Each structure stands twice: as C-alpha cells, then as structure tokens.
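So the structure is just underneath, and the comments pick up after that.
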Amino acid sequence: MELADGLPPGAEEFRHRLEMCDAFVIASPEHNASVPGLLKNLIDWVSRSRPQPFNERHCLLLSASPSMVGGNRGLWALRVPLEHLGTRVYPDMFSLARAHNAFDDHGYLTNDQLRARFESTIANFMDLVEASTHYPCIKRAWVEFLGEHPDPAIDRVESR
4 MELADGLPPG AEEFRHRLEM CDAFVIASPE HNASVPGLLK NLIDWVSRSR PQPFNERHCL
64 LLSASPSMVG GNRGLWALRV PLEHLGTRVY PDMFSLARAH NAFDDHGYLT NDQLRARFES
124 TIANFMDLVE ASTHYPCIKR AWVEFLGEHP DPAIDRVESR
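Residue numbers for the sequence shown follow my numbering, so the first one is 4 and each next one is one higher.
Here's what the structure looks like:
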C-alpha cells in the first residue's frame, strides 16, 4: 500500500502540518495506561517520511481524564516515540485529574492553582519555542542539556 499510495491521507495531512510549524501540542487521552492506538499509529505512519518531520519540533503534551491520574501515564508513554524521533518534548506536561469536575458552567477551571499552572505551562512552552525559533543559541543549550552534542553536518545549530 505505501509504495503504491504513499501515506494514508490523515497521516499525510499531519506530516504536512508538522512541516509548516516549529511546535505542536498533543492533548491525548490515556488508554490502558498508555498511548491510544490511533495516535500511535499516526505517529508511526508519519515517522516513515523523510526528512523526519518530528525532528527538531517542540511538543507540549496535555491530558485530561476523570481518573485520579488525569491521563498522565499515557503522556509518559507518548514521550518515548516522540523523543526517539527527535521531537523536543517540553518537560512540564499538564494532566488534569477529575476533569469532569474541574470546570465551571462557562468552561473555566475552578481551581485557581490549576488554572495558574496551566496558563504558566502554556506561556513557558511558547516562550521556549519563540526563543528557539529566533535565537539559535537556545537550541544548542537545549541539545547540550539533554546530554547530546550537536553535529554540524546534520544539526541547524550556530557555532559559538
């Protein structure tokens, strides 16, 4: 199928959207303490593209669930394939436990601390993406923080 038809249409659209951005957000449910099969399948299909569309993109992971863990176990499982593919997954994930009781009638989080943490997570993620996009030295710091060493032949990192 792949040789004759290429990627499935949904995977091709997702690949195209990845290539058009510096960062993306995934808000995912948790299925059996892991990644939903449909999402994992989408990532697997898109990962077959060259150049690798996940590489060097920033990602923020979010979840909400009626459970007490808020889908957090699924986000930890989701980090593995994304980081393997070169995605810079933001360290602070946001999981909302007991989500069915967390919002008022207007759709706002009722807990002030949770709302502040959610807003801070979004703002800090956007600051990182902005800095990485406009100030290449931040990418060098990020890569070195992860214990990697940039390779000038393949990494778009300015030298010091």
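Even for Gly, the Cβ is constructed at its ideal location relative to N, Cα and C. All of these numbers come straight from a predicted model, not from anything done at the bench.
Sequence-distant partners of PHE27 (beyond 5 residues in either direction) whose C-beta falls short of 7 Å from its own C-beta, in its chain, are LEU21, ARG60 and CYS62.
In this structure, the beta-carbon distance from GLN55 to GLY89 falls below 8 Å.
A residue is called buried when at least 16 other Cβ atoms come within 10 angstroms of its Cβ; GLY40 does not meet this threshold and is exposed. In this chain, the beta strand (DSSP E) harbouring PHE27 covers 26-30.
In the structure shown, HIS19 falls within a helical segment according to DSSP collapsed to helix, strand and coil.
LEU131 places its beta carbon 8 Å or farther from that of PHE121.
Here GLU16 is exposed, its C-beta having fewer than 16 other C-beta atoms within 10 Å.
DSSP lists HIS34 as the bridge partner or partners of SER37.
Between the region 72-90 and the region 42-54 there are three or more C-beta pairs closer than 8 Å, enough to call the two in contact.
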